[in-house]
Structure formats: C-alpha cells, structure tokens
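**Q**
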Amino acid sequence: MEKTWNNKAWFLVLPVLVLVAFSAVIPLMTVVNYSVQDTFGNNVFFWAGTEWFEELLSSSRFWEAMVRNLIFSFIILSIQVPLGIFIALNMPKKGWGVPVCLVLMALPLLIPWNVVGTIWQVFGRNDIGLLGYYVNALGIDYNYVQDPFDAWVTIIIMDVWHWTSLVVLLCYAGLVSIPDAFYQAAKIDGASRWAVFRYIQLPKMQRVLLIAVLLRFMDSFMIYTEPFVVTGGGPGNSTTFLSIDLVKTALGQFDLGPAAAMSLVYFLIILLLSWVFYTVMTNYDAER
Amino acid sequence: MARIDVNHVRHSYLPNPRTDADFALREVHHTFEDGGAYALLGPSGCGKTTLLNIISGLLHPSHGQLLFNGRDVTNLSTQERNIAQVFQFPVIYDTMTVYDNLAFPLRNRGVPEADVDRKVRETLEMIDLASWAKKKARGLTADQKQKISLGRGLVRSDVNAILFDEPLTVIDPHMKWVLRSQLKQLHRRFGYTMVYVTHDQTEALTFADQVVVMYDGGIVQIGTPAELFERPRHTFVGYFIGSPGMNVMPVAIDGKTATLGSQRIELPGAPKADSGAIELGIRPEYVRLGRDGMAVSISKVEDVGRHKVVRAKLEGRDIAAVIGEDETVPAEPKVRFDPAGINIYADSWRVEMGA
Chain A
1 MEKTWNNKAW FLVLPVLVLV AFSAVIPLMT VVNYSVQDTF GNNVFFWAGT
51 EWFEELLSSS RFWEAMVRNL IFSFIILSIQ VPLGIFIALN MPKKGWGVPV
101 CLVLMALPLL IPWNVVGTIW QVFGRNDIGL LGYYVNALGI DYNYVQDPFD
151 AWVTIIIMDV WHWTSLVVLL CYAGLVSIPD AFYQAAKIDG ASRWAVFRYI
201 QLPKMQRVLL IAVLLRFMDS FMIYTEPFVV TGGGPGNSTT FLSIDLVKTA
251 LGQFDLGPAA AMSLVYFLII LLLSWVFYTV MTNYDAER
Chain B
1 MARIDVNHVR HSYLPNPRTD ADFALREVHH TFEDGGAYAL LGPSGCGKTT
51 LLNIISGLLH PSHGQLLFNG RDVTNLSTQE RNIAQVFQFP VIYDTMTVYD
101 NLAFPLRNRG VPEADVDRKV RETLEMIDLA SWAKKKARGL TADQKQKISL
151 GRGLVRSDVN AILFDEPLTV IDPHMKWVLR SQLKQLHRRF GYTMVYVTHD
201 QTEALTFADQ VVVMYDGGIV QIGTPAELFE RPRHTFVGYF IGSPGMNVMP
251 VAIDGKTATL GSQRIELPGA PKADSGAIEL GIRPEYVRLG RDGMAVSISK
301 VEDVGRHKVV RAKLEGRDIA AVIGEDETVP AEPKVRFDPA GINIYADSWR
351 VEMGA
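For the record, the sequence lines run as chains A and B.
Residue 269 in full-length UniProt numbering sits at position 269 of the first sequence; the count goes up by one each step and never skips.
Residue 250 in full-length UniProt numbering sits at position 250 of the second sequence; the count goes up by one each step and never skips.
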C-alpha cells in the first residue's frame, strides 16, 4: 500500500504544542533570559553573560542550602519508604477495614500544604500547641523556633505525617495485585515471612516503589510551603532550603538575574538526580 | 509418599451453615491410595478445588478429618503436611533463576547446600530444564514456568502428595499433550501420589488411574476411565463424560422390558427398581443405526473426523448416535440399542439388573 503523506496531522498536535509552549517552554525561556542579564529596574536590561551562574556556584549560601536539601531528602526517603511499605503490608486486604484505612491514609494528602504547615506550626508551639506543650511538660526541652535541631525534627515529622500515605497507597496497590496462589505456593514451599516479602511482595511492588521514590524525592527536594509556614527558614538559616532561598532572592530582594540562574541550576539538579534514580532502579531491574 | 484418607469431610465457606445448600463440599469420604494417580473431575463450582485445598491445608474443613498414612493432619499447617501443589496459573519467583526457584523449598527447610545442589540438578533433569538452570525464571514460557512449579514439588523427595489445580489451563494445546505425558512418565517412574483437579474429561481420563467425578459438592462416582464410560453410576457422569454425552430418556419398566413411548426395548436383565423416576441411559457409541429397530428422524449429521455424530429424534426426544466415518445414513433410518450399553437409572442413580 502507498503511504499517505498528509501534513494535516500537524494541525492535530498544534493545540498541545501551544499549550506546552505557554505553560512550560515560554516561562522557562523567560527565566533563561533573566539569568544572563542584569537590571536596575525600569525594564532596562544589561547583558551579564555567565556572571550570575559563577556567582551562584561560588556562593556558600547556595551550597549550604543545597546540602540541607540533600540531607532532608535523604532522611525523608529513608523514613517514608520503609515506613510506607511496613504500613501497606499491615493494612487489611479485605473487609470493612479496607475503606476505613484507605480514607484515613488519604486524609493527609487532601489537606492543602500551607494548612499542613499552619497545623504543625500551632501543634508544635510550646505555649498553646498540644505537641509542644506536652513534650515540654514531660521535661524535654523542645522549641522549634529557637533550636535548629527541634526545627528539623518538627519539619521531618510533619513531612512524614503528610506524605507517608502516598507511599503506603502506592505500595498497597502493588500488594493487592498479587494473586493468592503466590502466597499459597510460598506456604507450600515453606517460605518464611521474610522470604515472602523478599521474593514475592518486594518484586511485585518494585514498579510502584520506583514511582514512590521518584515522587517523594522530587517533592522533598522542592519542599517550600510547609517549612516556610512553620519556621520561615529559621532559626537562622537552619531550615532554609533551596526553594526558600530562591523565593527570598527573587521576591524578597528582587534580584531577578541571580534568582533566574538559581532556578535553572535547581531545575537541572532535580532533572539530573531524577534521571540517576530512574536509571539506577530500572537498570537494577533489567540486570536481575 | 502417603495414603490420604478423607474422612467424612464437609466444608462450608459460610460461618454458620444450616442446610446442605450452604456447603461447598457436602460430604466426601474417600481414600487416595499411596502412589495412585487420581483426577478430580467436575464442572466449575462442584467443590473439587475446595477438596484439593483441604488436602493441601490451605483450607480447614468445617467438619471431618484428614489422615496421611493414618496420622491425623487436620490441624496441621500446609508446611507441616509436606505436600506440593501446582496452581492454575504458574507461580514462580521471578527475580530468581530457574535453579534458585527449585532450590527455594529446600533452602527454606535448611537443607545443606550440597544436598540442595544434587537434588536440584536431578530435578532439572526430570523436568527437562537442565540447560535453563542459570536463566531468570521470568523469561520462560508458560509451560516452562508450570514445569518449575511442578519441579519445586518434585525437588522435595519426601513430599506426601503432589496436587494439581487445573495446571494446564494457560498452556498452549500442543504443549498440553507433552506436559501430560511427561507427568504420566514421572508418575510411573517415581510413584508419587498425585491428585489432579480438572474440568476437562480428556485430561482426567488420560492422566488418572482412578477418576473421581464430583457434582454439586459431592462425589458421584469413582472409577477407572472404562468404568465411567461403560457404567456411569449417575446420569450426570453419563452426560459429563463422553462426547457427545450419554442419551438419557424416561422409560417405564416391566420385567426385562422397557417402554419408551410406543417402543419396547429389550433389557439384558430385570432392573431392581420399583420406585422413583426411571430412566434409560445409553451412550451414542452403543446406538446402532440401520434398517431395523425403532424409527427415527434425522436432524443433523456432524462429521467430527474419525467418526460421525448423528443427531436424531426418537419418539420426540433428542438422541445422538455415533457411526463410522465410512457409514452412511439409510433412507428410512432406524435405531437399535446394543444391550451391552444399556444402563437403568432410578432417580438419577444407576440400578443393577438381575438375571
């Protein structure tokens, strides 16, 4: 059969192209544009070349925020992934418990991020907060406003409370798709609880876990709203993550050039790390 | 290997069963002899998988007792019963190699690695997968995966029985034959007690020495393939086994004669039935089509290859007859019943015939 050459097809993809252009490509290019220029207001711009990038990469403020971010993401992943798997494994597989658990799990995910921040901001206060007051009443000196360690603990507990459900729900979806015959065969083969987890449940959860790890990494690396509401980046700069720093630079100080350069670097880091995660996990899969 | 006694076992999936209808398994009382090859045959929902899962310990029966070699195992777990089971869909540990899959049940039981290696290599030879040992199990075809499921049972030389739950469902037709004959060979060589659940009569009849036919939660007949064919104990066995199934027609009995409408049929003996609904069953293979006998009108002739199936009406009832590939249907067709193939049923159960 003759192939039909028809350029009309381009019209069909045009709406998507326009949409992507306005929602992603054009804003991104604006940022690129700012990142190589300097301005003193009045819409007057000067060519700055790679100056902002050089300044950024040699600034200790940027690297400190970056290290904080990496540590935060590492802690978040190493708590939420095992905890999420553990909860998913212990959730009921049938009966009235299923909808109850699912709704309970979904609740934190439905709360707007700044509300989550506000809840914990109040919850942790040592004058009127339930948590803060009683922890102090127990004789533990806890004050997230003044103590960097307490601030970190608060933010991490908050994030675990907010997002572990996502990992749970994804893992649960993977678990319920395992046919009963696998568990029965494992019983017959005399497999221990650990062997069932290691050789049946974990392999079946692998794909959803990959998605969970990627989502949780990206989200935790980009975290902004909740710590901003709870600690505002403090005490000092102890909870100032890249995104908070970025907003301070762009909107607080109105340094568009450095902020744009920072956005691009931030964007590239997330892209790179996501790619690394993805490649490592899929390659591991292919090798086995 | 073990003899398995199923002792008055009843099972219901409901918490408080009241009537017989609440029981998925009404009452099964049967002995699976050591080293026998049994098939549990029946339509979907007849309770055959329930019975199998009770034997393997995946289900605990509501009533009754299960004995392995005379020892009560009713309350033992699946692991403790030491049986092997092959499921409808192949179960393999797909992150492991073929070798590790087979080694898994042994390693779980703490068998020394040297013995594991020896047993696994033997088993790989038995199931004909020796050259695949180092391959990842996930890349295999359905029939190879099913062989691994089987191999995980064979590798434990001390298993009490190997149970099969419709193991060939997902296998391509041409491989079904191969696998079935390999199974048969394994049984002959090693003498495992095997119980094979299926709803496919060909599978059951070719695999088993003894076929257990189940219907509506109970066993209706246990016998060799020939017995099931020649002397079905229940009309259900008559139509379920055979292709086409047995012709069953209501008759009135008087001594050694059965009356069907205006026709009189000579019986080989006088049935010992005096009450209930009396029926005459005859397999299409024993219906002789010719120029003498009872007049029939032909509705259809199906050529199925080796023979022809003639569908006809006798006294207004559908009847099937099997004739040879080269035979032709006469112009004024009549049928005779070969007395050797006549069975009489009272309330669906077969009655003996006296002299």
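Ideal Cβ placement from N, Cα and C applies to all residues, glycine included.
1. What number of angstroms, rounded off, separates the C-alpha of Leu-102(B) from the C-alpha of Arg-152(B)?
2. Under 9 Å between beta-carbons, which chain B residues line up against Lys-93(A)? List them in chain order, please.
3. Helix or strand or just coil, what does DSSP make of Thr-249(A)?
4. Quick check on Phe-217(A): does DSSP put it in helix, strand or coil?
5. So Leu-166(A) packs on Leu-215(A), CB below 8 Å; how close in whole Å?
6. Can you have a look at Val-103(A) and say buried or exposed, based on whether 16 or more other CB atoms are within 10 angstroms of its CB?
7. Quick one, which of Val-170(B), Asp-158(B), Gly-139(B) and Leu-183(B) has its alpha-carbon nearest Ile-127(B)'s?
8. May I ask which residues mark the beginning and end of the beta strand (DSSP E) holding Gln-65(B)?
9. Quick one: list the residues of chain B neighbouring Gly-190(A), beta-carbon separation under 8 Å, in chain order.
10. Quick check on the burial criterion: 16 or more other C-beta atoms within 10 angstroms. Buried or exposed for Thr-31(B)?
11. If you run the structure through DSSP and keep just helix, strand and coil, what is Trp-5(A)?
12. So the beta strand (DSSP E) Ile-140(A) belongs to, where does it begin and stop?
13. Indicate the three-state DSSP secondary structure (helix, strand or coil) for Phe-267(A) in the structure shown.
14. Judging by CA-CA distance, which residue of Ala-195(A), Met-262(A) and Asn-43(A) is the nearest neighbour of Ser-58(A)?
15. Should the region 59 to 67 of chain A be called in touch with the region 234 to 244 of chain A, which here means at least 3 C-beta pairs below 8 Å?
16. Is it right to say Ala-173(A) is buried, meaning 16 or more other beta carbons lie within 10 angstroms of its own, or is it exposed?
17. When the distance is taken between beta carbons, is Arg-233(B) closer than 8 Å to Arg-350(B)?
18. Nearest-angstrom Cα distance between Ser-192(A) and Asn-108(B)?
19. Could you name the residues of the same chain whose beta carbon sits closer than 8 Å to that of Thr-97(B), not counting the 5 residues immediately before and after it, in chain order?
20. Thr-123(B) to Pro-17(B), Cα distance in whole Å?
21. Could you tell me the boundaries of the beta strand (DSSP E) in which Gln-182(B) lies?
22. The region 164 to 186 of chain A: which residues have C-beta closer than 7 Å to a C-beta of chain B, in chain order?
23. Which same chain residues, not among the five before or five after Gly-132(A), have their C-beta less than 8 Å away from its C-beta?
24. Applying the 10 Å Cβ sphere with the 16-neighbour rule, what's the burial state of Trp-5(A)?
25. Determine the burial state of Ser-62(B): buried for a count of at least 16 other Cβ atoms within 10 Å of its Cβ, exposed for fewer.
26. Shortest alpha-carbon distance to Val-6(B) belongs to which of Met-249(B), Gln-65(B), Glu-80(B) and Lys-308(B)?
27. Thr-257(B) bridges to which residues according to DSSP?
28. DSSP state of Thr-78(B), grouped into three classes?
29. Pairing CB atoms from the region 268 to 275 of chain B with CB atoms from the region 283 to 298 of chain B, are three or more of them under 8 Å?
30. Among Thr-164(A), Ile-140(A) and Ala-181(A), which residue has its Cα nearest to the Cα of Arg-83(A)?
31. Give a yes or no on whether the C-beta atoms belonging to Met-218(A) and Ile-270(A) are separated by under 8 Å.
32. What are the residues that DSSP puts in a beta bridge with His-30(B)?
33. Okay, do the region 90 to 110 of chain A and the region 182 to 201 of chain A touch, 3+ Cβ pairs below 8 Å being the bar?
34. Using DSSP's beta-bridge definition, name the partner residues of Gly-324(B).
35. DSSP three-state call for Asp-209(B): helix, strand or coil?
36. Between Ile-200(A) and chain B, is any beta-carbon pair separated by less than 8 Å?
**A** Put simply:
1. 5 Å
2. Think of a sphere of 9 Å around the beta carbon of Lys-93(A): no beta carbon from chain B falls inside it, the nearest being about 16 Å out.
3. DSSP places Thr-249(A) in helix when its eight states are reduced to three.
4. Reduced to three states, the DSSP call for Phe-217(A) is helix.
5. Here Leu-166(A) really is in contact with Leu-215(A); their C-beta atoms are around 7 Å apart, less than 8 Å.
6. So Val-103(A) ends up on the exposed side.
7. Leu-183(B)
8. 63 to 68
9. Gln-79, Pro-105, Asn-108 and Arg-109
10. exposed
11. coil
12. Looking at the DSSP string, Ile-140(A) is not in any beta strand (DSSP E), and its letter there is neither H nor E.
13. helix
14. For the residues Ala-195(A), Met-262(A) and Asn-43(A), the minimum Cα distance to Ser-58(A) belongs to Met-262(A).
15. yes
16. exposed
17. yes
18. 7 Å
19. Here the set comprises Ala-133, Lys-134, Lys-135, Lys-136 and Ala-137.
20. 44 Å
21. For Gln-182(B), there is no enclosing beta strand (DSSP E); the enclosing alpha helix (DSSP H) has its first and last residue at 173 to 190.
22. Pro-179, Ala-181, Phe-182, Gln-184 and Ala-185
23. The answer, listed in chain order, is Phe-123, Gly-124, Arg-125, Asn-126, Tyr-142, Asn-143 and Tyr-144.
24. Its Cβ having fewer than 16 others within 10 Å, Trp-5(A) is exposed.
25. buried
26. Gln-65(B)
27. Asp-254(B) and Glu-266(B)
28. Three-state result, Thr-78(B): helix.
29. no
30. According to the sequence displayed, residue 83(A) carries Leu and not Arg. Cα-wise, what sits closest to Leu-83(A) is Thr-164(A).
31. Result yes, Cβ atoms of Met-218(A) and Ile-270(A) sit closer than 8 Å.
32. Val-6(B)
33. Between the region 90 to 110 of chain A and the region 182 to 201 of chain A, the count of C-beta pairs closer than 8 Å stays below three; the two stretches do not touch.
34. His-307(B)
35. coil
36. Yes, Ile-200(A) lies at the interface with chain B (some Cβ there is under 8 Å from its Cβ).
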